[in-house]
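Below: the structure, in structure tokens.
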Amino acid sequence: MFIKRNRGKKSWVIFLYTISSFLFDVISFRTYETAEVLMPNIYLYGLFTIIEYSLFSYFFYLSFRNRSSRLFLALCSLIFLLATVYSIIYLRDTEFDSLTVSLSAVLILILSILYLYEQLNDIKIRFISSSKSFWLVVAFVMYVSLTLFLFIATPHLPEEETESFWRITNIANILKNSLFAVAFIKPPSKDDLV
Amino acid sequence: MLRLILSGTIGMLTLAIGLITFVIFHQRRVIRYQLTLQKMEEQQQTVLLNASIQLQEEERQRLAADLHDDAGPLLATARLYLNENLVNLEKPTQLEHISAAKSIIDDAIQLIRNISHSLMPPTLKNFGLESAINDLFQKITGSGTISASARFHDYQTRLVLEKEQIVFRVLQELVNNILKHSHASYIHVTQNCNGETFYIHLHHDGIGLTQADFEKLTKSSGGLGLKNIHSRLKVLKGKILFEKDISQVYFKITIELPKEEELVTQ
């Protein structure tokens, strides 16, 4: 039933993201237990941020219809790439790469707004909420808006407070995955089949 | 810091929920508006279709009446002259009867030719829109009550015949309306092209319509001829504009058509 309702590429991109997110959570939990450090190291987070941003931007690439939106996406990706290179070179010693993660969250938020704007300007008569892509974008927006401030503030938090604040990301993850589930369960509309 | 993170996160969450709610409700409103527009357009299409059917029906009735009331009695009279008794009559009387029958049959032929020409003017098919309009205007001017003239400035390449027929019918309907309702003393038609657009302007000095009157009449239950003009021009993706001339003395009707299917060369 899952395969039948999710034949479009976009659903599979997000499905791949959920799998990688799950694997990352398992690995980071194991690292946390064995290394007895509060946070997993920067490379693990950095790698996940790159995977997350790449999959989300590929999803937007498949969703955008206008050439200008795709160009904007390319520009965002370039900014993200530059920030990643900068943090690999200069921020190697920090525990949490706040710059890349926050920038990725801001870019995803902007791209989500652009997607919603494009949908509003679409003259076809069909409800936006009937599309899987809409629910996937809602999941991105909710996840990003819940975690953005936390990602920005993490380097400035005392270590003992970090863990308690980290619960916000768990709530954001539950909400995001629930919304993904809604999108996967929904019957596909024409727009979902790329 | 705690307060900053919490208030920031709550603020962002509120904004996100607000944004999504706005998008959903705004889109619903837009869809409702589009559906209303679509419904109105469908209603308008139905009105135009009904007008077209009604006009066809009226045309058939007119044809039936012409054939029944004019051609029927003529042929029946001719038959009376050519009955079985004709052979028993004297030769001069026979010749007289045959001559009378021949004359009646000639009248019937002329009548049928007139009916046929009113359905599809041969000038339009053979020589094009310009000649057909000039032909029509010659007949109108010949009546002596109104002066009608036409001048085509840029008609080296003819429109395709189907297009010419539609434009001719539209002009015929407009001229009929002017003759019936406007009390005009003259009608003048000009044609020109501008880029990819073909224009026909019709001026007259009688009582005319403005665009508002035209739109009102095409939406009302009456105005069958105007509805038909509207539906014919819709087929050609054309526009019609009724206005009072800048001088405020004449009424002007502009027909605007895209030129893309102009194929037949004169």
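Chains V and B, in that order, give the protein sequences.
Start counting the first sequence at 1; every next residue gets the next number (our numbering).
Start counting the second sequence at 1001; every next residue gets the next number (our numbering).
The beta carbon of each residue, even a glycine, is placed where N, CA and C say it ideally should be.
According to DSSP, residue i sits in a beta bridge with which residue or residues?
i: residue 1192 of chain B; result: B:1199
i: residue 1269 of chain B; result: There is no way to answer for residue 1269 of chain B, as the model of chain B reaches only from 1001 to 1266.
i: residue 1254 of chain B; result: B:1201 and B:1241
i: residue 1187 of chain B; result: B:1148 and B:1204
i: residue 18 of chain V; result: The partner list for residue 18 of chain V (beta bridge, DSSP) is empty, contrary to what the question assumes.
From residue i to residue j, what distance separates their C-alpha atoms?
i: residue 1077 of chain B; j: residue 1102 of chain B; result: 11 Å
i: residue 82 of chain V; j: residue 68 of chain V; result: 21 Å
i: residue 1100 of chain B; j: residue 1089 of chain B; result: 15 Å
i: residue 1126 of chain B; j: residue 1215 of chain B; result: 35 Å
i: residue 44 of chain V; j: residue 30 of chain V; result: 12 Å
i: residue 1263 of chain B; j: residue 1141 of chain B; result: Confidence at residue 1263 of chain B is low in this model, with a pLDDT of 45, below 50, so its placement is unreliable and the value that follows should be read with caution. Straight-line Cα distance between these residues: approximately 32 Å.
i: residue 111 of chain V; j: residue 1258 of chain B; result: 41 Å
i: residue 1047 of chain B; j: residue 119 of chain V; result: 34 Å
i: residue 1248 of chain B; j: residue 1219 of chain B; result: 26 Å
i: residue 1273 of chain B; j: residue 1166 of chain B; result: Since the first residue shown for chain B is 1001 and the last is 1266, residue 1273 of chain B is missing from the structure and cannot be characterised.
i: residue 1237 of chain B; j: residue 1231 of chain B; result: 10 Å
i: residue 1068 of chain B; j: residue 1054 of chain B; result: 21 Å
i: residue 161 of chain V; j: residue 1002 of chain B; result: 9 Å
i: residue 1162 of chain B; j: residue 1131 of chain B; result: 16 Å
i: residue 72 of chain V; j: residue 57 of chain V; result: 11 Å
i: residue 1014 of chain B; j: residue 1036 of chain B; result: 33 Å
i: residue 1109 of chain B; j: residue 1115 of chain B; result: 10 Å
i: residue 70 of chain V; j: residue 12 of chain V; result: 20 Å
i: residue 1086 of chain B; j: residue 1105 of chain B; result: 17 Å
i: residue 1195 of chain B; j: residue 1154 of chain B; result: 11 Å
i: residue 1229 of chain B; j: residue 1023 of chain B; result: 42 Å
i: residue 1226 of chain B; j: residue 1181 of chain B; result: 13 Å
i: residue 65 of chain V; j: residue 181 of chain V; result: 25 Å
i: residue 84 of chain V; j: residue 46 of chain V; result: 8 Å
i: residue 1057 of chain B; j: residue 1253 of chain B; result: 27 Å
i: residue 122 of chain V; j: residue 1139 of chain B; result: 54 Å
i: residue 1169 of chain B; j: residue 1175 of chain B; result: 10 Å
i: residue 97 of chain V; j: residue 52 of chain V; result: 14 Å
i: residue 38 of chain V; j: residue 170 of chain V; result: The predicted model places residue 38 of chain V with a pLDDT of 48, which falls under 50 and marks its position as unreliable; any figure quoted below should be read in that light. Whole-angstrom Cα-Cα distance: 16 Å.
i: residue 183 of chain V; j: residue 176 of chain V; result: 11 Å
i: residue 1267 of chain B; j: residue 1120 of chain B; result: For residue 1267 of chain B there is no data in the structure shown, the boundaries of chain B being 1001 and 1266.
Name the chain B residues that come within less than 7 Å of residue i, Cβ to Cβ?
i: residue 165 of chain V; result: 1005
i: residue 168 of chain V; result: 1009
i: residue 75 of chain V; result: Residues of chain B passing the Cβ test: none, with the nearest at roughly 22 Å.
Check the Cβ of residue i against every Cβ in chain V and list those closer than 9 Å, keeping chain order.
i: residue 1046 of chain B; result: Chain V residues near residue 1046 of chain B: none, gap ~20 Å exceeds 9 Å.
i: residue 1109 of chain B; result: Within chain V, no residue comes near residue 1109 of chain B; the closest Cβ sits about 58 Å away, beyond 9 Å.
What do you reckon, are the CB atoms on residue i and residue j nearer than 7 Å?
i: residue 1190 of chain B; j: residue 1151 of chain B; result: yes
i: residue 1005 of chain B; j: residue 150 of chain V; result: yes
i: residue 1223 of chain B; j: residue 1217 of chain B; result: yes
i: residue 1129 of chain B; j: residue 1164 of chain B; result: yes
i: residue 1204 of chain B; j: residue 1184 of chain B; result: yes
i: residue 1243 of chain B; j: residue 1197 of chain B; result: no
i: residue 132 of chain V; j: residue 59 of chain V; result: no
i: residue 1012 of chain B; j: residue 148 of chain V; result: yes
i: residue 152 of chain V; j: residue 87 of chain V; result: no
i: residue 14 of chain V; j: residue 136 of chain V; result: yes
i: residue 48 of chain V; j: residue 22 of chain V; result: no
i: residue 1031 of chain B; j: residue 138 of chain V; result: no
i: residue 1178 of chain B; j: residue 1148 of chain B; result: no
i: residue 1123 of chain B; j: residue 1135 of chain B; result: yes
i: residue 55 of chain V; j: residue 17 of chain V; result: yes
What residues of chain B sit near residue i, judged by a beta carbon separation below 9 Å?
i: residue 104 of chain V; result: None at all; the shortest Cβ gap to chain B is about 15 Å.
i: residue 179 of chain V; result: Near residue 179 of chain V there are no residues of chain B at all, since even the closest Cβ is about 10 Å away, more than 9 Å.
i: residue 107 of chain V; result: Under the 9 Å cutoff, chain B gives no residues; its nearest Cβ is about 15 Å from residue 107 of chain V.
i: residue 82 of chain V; result: Near residue 82 of chain V there are no residues of chain B at all, since even the closest Cβ is about 25 Å away, more than 9 Å.
Can you pull the chain B residues whose beta carbon is under 8 Å from the beta carbon of residue i, in chain order?
i: residue 129 of chain V; result: 1024
i: residue 138 of chain V; result: 1020
i: residue 141 of chain V; result: 1016, 1019 and 1020
i: residue 148 of chain V; result: 1008, 1009 and 1012
i: residue 16 of chain V; result: By Cβ distance, chain B contributes nothing, its closest Cβ being about 24 Å from residue 16 of chain V, past 8 Å.
Note down, in chain order, every chain V residue with its Cβ under 8 Å from the Cβ of residue i.
i: residue 1015 of chain B; result: 145
i: residue 1027 of chain B; result: 119, 120, 127 and 128
i: residue 1040 of chain B; result: Near residue 1040 of chain B there are no residues of chain V at all, since even the closest Cβ is about 14 Å away, more than 8 Å.
i: residue 1246 of chain B; result: Chain V residues near residue 1246 of chain B: none, gap ~38 Å exceeds 8 Å.
i: residue 1166 of chain B; result: By Cβ distance, chain V contributes nothing, its closest Cβ being about 30 Å from residue 1166 of chain B, past 8 Å.
Can you name the residues of chain V whose CB is closer than 7 Å to the CB of residue i?
i: residue 1001 of chain B; result: 153, 156 and 157
contact_flag[the region 106 to 119 of chain V, the region 137 to 145 of chain V] where n(CB pairs < 8 Å) is 3 or more | Here the region 106 to 119 of chain V lies against the region 137 to 145 of chain V, with 3 or more beta-carbon pairs under 8 Å apart.
Given 8 Å, three or more beta-carbon pairs between the region 153 to 160 of chain V and the region 111 to 129 of chain V = no
Counting Cβ pairs, one atom from each stretch, are 3 or more of them under 8 Å apart for the region 1068 to 1085 of chain B and the region 1043 to 1056 of chain B?
-> no
Any contact of the region 166 to 174 of chain V with the region 1055 to 1068 of chain B, i.e. 3+ C-beta pairs under 8 Å?
-> no
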